[in-house]
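See structure below.
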Amino acid sequence: MSSPYAKLPGWVEYGLIPLINLAVAFLVAGLVVLLVGENPLEAAYHLLNGAFGRGEYLGFTLYYATTFIFTGLAVAVAFHAGLFNIGGEGQAYVGGIGVALACLWLDQTMPWFVVFPLAILGSAFFGAAWAFLPGWLQAKRGSHIVITTIMFNFIASSLMVYLLTRVLKPLGSMAPQTRTFAEGGQLPKLDWLLAIFGLDIGTAPFNVSFLLALVAAFCVWLLIWRTKLGYEMRTMGHSPSAARYAGMSESRITVITMMISGALAGMMALNPIMGEQARMQLDFVQGAGFVGIAVALMGRSHPAGIIPAAVLFGMLYQGGAEISFEMPSISRDMIVIIQGLVILFAGALENMFRPAITRLFAMQGRRAAVVAQTKGA
Amino acid sequence: MDDIAIELRGIDKSFGPVHANKNINLKVRKGTIHGIIGENGAGKSTLMSILYGFYQADSGEILVDGKAVAIRDPNAAIAAGIGMVHQHFMLVENFTVLENIMLGAEDSQILNKGIAKARVELKRLEREYALEVDPDAVIEELPVGLQQRVEILKALYRRADILILDEPTGVLTPAEADHLFRVLEQLKSQGKTVILITHKLREIMAITDEVSVMRRGEMVATRTTAETSVEELAELMVGRRVLLRVEKGEAKPGDVKLAVEELTVKDGRGVTMVDNVSFNLRAGEIVGIAGVAGNGQSELLEAISGIRRAVSGSVLLNGKPIEVTGHADPSELRDRGLAHVPEDRHHVGLVLKFEECENAILGYHHDKRYLNGVFLNIDAIRKDAEQRIAEYDIRPPNPRLKTANFSGGNQQKIVLAREMERGPDVLIIGQPTRGVDVGAIEFIHKRIIEMRDQGMAVLLVSVELDEIRALSDRILVMFAGRVVGERNPDATEGELGLLMAGVEGRKEAAE
């Protein structure tokens, strides 16, 4: 039997519907602002201005977006194989160890372009290792990946507290963090990129890991749609029984997919550690692993959707900070509410407006057909 | 003039660009059995879903007993006296018969009174229509034929005067189907109106008073059954003349290609599904396995093709063992010349969300031809897919179309093309024509026989007894996991039917 949802044109499916969902999310957020007793239009102005108004603001927006591209890709890769990796948070956190080790080892003797590749490998390795165990437990023992990855987030958190207070902290320091890296452990900013558009980056930490994120997005596209492994992953994601029939090894694909996903999440650590703070601090991930789930959901697990979705969430982070700065009665938590609403409408209630829109288009299509017929006659 | 129970006027329904029902007009006379026949995708199910309130027609009206009614949901349909027996039963498996019948018609929050009333009413219905069933039996313990009876009782309990049955015999043995037909006759004699949706011409001829034929969303003809023939109906359905019998010559069996020895398979709960089965399959012959669905045929196919692990026994492919009790690797078996067309093409044989060309390599994606190192060779994949599409007349001829958008027949052709075209030694086919339209059935049957004539060994499992008899050179009948008999294809349907029901088999085994 035909599906009740007819196929819509591409621009409606991937453009109009997400936009409508987003608009409704902001509308409801506006109501909340009104409830607090503030002017929603003013808040909207501060949000947009705070995210894009100046080169520096834009720099911050893209800095956050970089982080979310990595974690979004991590969730998306797993999702294509039917795995729901909630552990991006922990994998990114542990991935930081790889970055920190590379920097602590070579930052005083080597330039950044030597340290960077090693840090990439290190972050990917540690992130993958942290995802390996849940993947292996799922493949061999049937422990559900959603449960194990959540638990691994907590383990990662404890592990990092231990490392940052006992092992990686310089002697005599009071702060739970590594020492500050020398120049070799700091990534150059992309000031020239914004300068092309006549924008001044100011103090924004927008750095070369953004370019790495774009490369990673392209590689994920290649992996999923152009390699044999990606083909096997998608087969398993859509239909595990078809994968079994085709002779694909479920446990092998599960473990490999989780490791790739973990590696991508781990690479997120490059951005804050080498790109901004020049040291590894406690809790540097700041929920980016969870935002990645929303980004992947909004971007429909496609790199071309994940990049704009990541920029959107970057905008919410940066512009939201600006709102709470300019309008003191709106706390930073307000931004969490807006994010929640975006996730709710763009993710969970994705199909809410679809039937109405489909009907609208069906009606229009029929009218066009009738017109064509009468013209023909 | 006879009374009209249901009249449809100008029913029109589109799903986006798909025009599922085009200006349908239909009159069903009261107290008759009215057949609706058509290929898959002809729009029968959509039309009945509109009648039962699952969908709303875009335009047109429905008249029940001459009065226009608006059927917005199934409740409105029930209120109008329309009942439906779905192809897949809508029963709560761990409820009793009585509880299922009451479900949604409990009358009050406290069940005691309702139960007592339902019990009395059920007794009356059973007497009136000769539909005996134990009201306290749990559904999952009843055979399929009785479960269907519960569905019918459910509709009658809701005072349905018009009963719609959607493909009711798909899951029944020939004997159970005969019994169903007697029940329908009984309903008719009590003044009920029955609408029977099916794609089986034989059933239409056997039981209906009138028959309407649908083709591509249109109602193309209505005939009085006594004045039409199978040939005419088939032609109306397909829109051209169809060969209903398959032409085939004598089989010339060669070497044993597949030897199954004392194979036993259990399911996840430890229930024995295949019980000590042995047989040989030779090159150039088609062996058919007949049986009612759920008697171990599926598990047998899965064990041989390496998807399901067997408990004991052995299988030899070209004289070399398959690790059926260990980790048999389906892709290794493909390399060794075993191709498998699975019974469930929607979940196993195909990935419906894939493009056609992606499905055309499923299981053969290790083939060097389709790879450049770790990358897929997209050009080669699409080129091969286009060639298959041309050879097998797969429509629409677009290798980049989502597989879900192909009709059942064309989806099956995609699987068959993939599995047949590499010239395997052994071809295992489950339900080759389930959900496939008449035109494609003809093509698929011809192709299977061609493969046999080229020396392939074919193992065929089907719940369509007609198909088994038409294609097989030898027939094995399975019942409760065991092979209960072997017959020639010219065995009568009655004889095979008894074996399928386990009646003859038990006797044979006892002797």
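Those protein sequences? They're chains L and D, same order as listed. Reminder that position 62 of the first sequence reads as 579 in my numbering, one-by-one numbering, no gaps. Reminder that position 228 of the second sequence reads as 993 in my numbering, one-by-one numbering, no gaps. Glycine residues also receive a C-beta, built at the ideal position from the N, C-alpha and C atoms.
- Sorting D:A1182, D:I1051, D:H1130 and D:G1035 by C-alpha distance to the C-alpha of D:R1217 places D:I1051 at the top.
- In this structure, the alpha-carbon of L:A838 lies about 45 angstroms from that of D:L1141.
- The beta carbon of D:A1266 sits closer than 7 angstroms to the beta carbons of T938 and A940 from its chain, once the five residues preceding and following it are set aside; these are given in chain order.
- Following the DSSP letters along the chain, one finds D:M867 inside the alpha helix (DSSP H) bounded by residues V862 to M867.
- Closest option to L:V732, judged by alpha-carbon separation, among L:V549, L:H563, L:F587 and L:E530: L:F587.
- Look at D:L876 here: in three-state DSSP terms it is helix.
- Straight-line measurement puts the Cα of D:I1233 at about 22 angstroms from the Cα of D:R1183.
- For L:S818, not one C-beta of chain D is nearer than 8 angstroms to its own C-beta.
- The beta carbon of L:R696 is closer than 7 angstroms to those of P687 and R796 in its chain, skipping five residues each way along the sequence.
- Each residue's CA atom was taken as its position, placing L:G779 and L:I667 some 13 angstroms apart.
- The Cβ atoms of D:K792 and D:D777 do not sit closer than 8 angstroms to each other.
- The shortest CA-to-CA distance from L:G804 to any of L:A821, L:G792, L:P820 and L:A786 is the one to L:A786.
- Annotated three-state conformation of L:F727 is helix, per DSSP.
- In chain D, no part has a C-beta under 8 angstroms from the C-beta of L:R769; the shortest such distance is about 12 angstroms.
- Excluding five sequence positions before and after D:V1191, the CB atoms of its chain that fall closer than 6 angstroms to its own CB belong to K1022, L1023, L1103 and A1222, given in chain order.
- The C-beta of L:M776 has 16 or more other C-beta atoms within 10 Å across all chains shown, which makes the residue buried.
- At least 8 angstroms separates the CB of L:L688 from every CB of chain D.
- Around D:G956, the same chain offers G796 as residues with beta carbons nearer than 7 angstroms, after the five sequence neighbours per side are excluded.
- By the C-beta density criterion, L:W647 is buried, having at least 16 other C-beta atoms within 10 angstroms.
- Counting along the chain, the unbroken beta strand (DSSP E) around D:V1248 starts and ends at R1247 to R1252.
- Nearest C-alpha to L:S756 among D:P839, D:H1111 and D:P1107: D:H1111.
- Restricting attention to D:F860, D:K882, D:A942 and D:E916, the CA atom closest to the CA of D:E906 is found in D:F860.
- For D:R774, the secondary structure class from DSSP, reduced to helix, strand or coil, is strand.
- For D:G1195, DSSP records a beta bridge to D:V1226.
- By the CB criterion at 8 angstroms, L:A734 and L:I824 fall inside the cutoff.
- Distance from the CA atom of L:G715 to the CA atom of L:A561, rounded to whole angstroms, is 25 angstroms.
- Within 8 angstroms of the CB of L:R743, the CB atoms of chain D belong to F1140, L1141 and I1143, in sequence order along the chain.
- Between the beta-carbon of D:G1035 and that of D:G808 there is about 44 angstroms, and that puts the pair past the 8 angstroms contact cut.
- Rounded to whole angstroms, the separation of the alpha carbons of L:I810 and D:E996 is 58 angstroms.
- Spanning the alpha carbons of D:K1167 and D:A785 requires a straight line of approximately 19 angstroms.
- Taking each of L:L799, L:G659 and L:F842 in turn and checking the Cα distance to L:A609, the smallest one comes out for L:L799.
- Within the DSSP secondary-structure output, D:I960 pairs in a beta bridge with D:H799 and D:I929.
- At a C-beta separation below 7 angstroms, D:V1113 has these neighbours in chain L: S758, A759 and Y762.
- Straight through space, the alpha carbons of L:V611 and L:T682 are spaced by roughly 15 angstroms.
- Secondary structure at L:M753: helix, using DSSP grouped into helix, strand and coil.
- For the C-beta of L:T752, the chain D residues within less than 9 angstroms are, from N- to C-terminus, V1116, F1119, E1123, L1127 and H1130.
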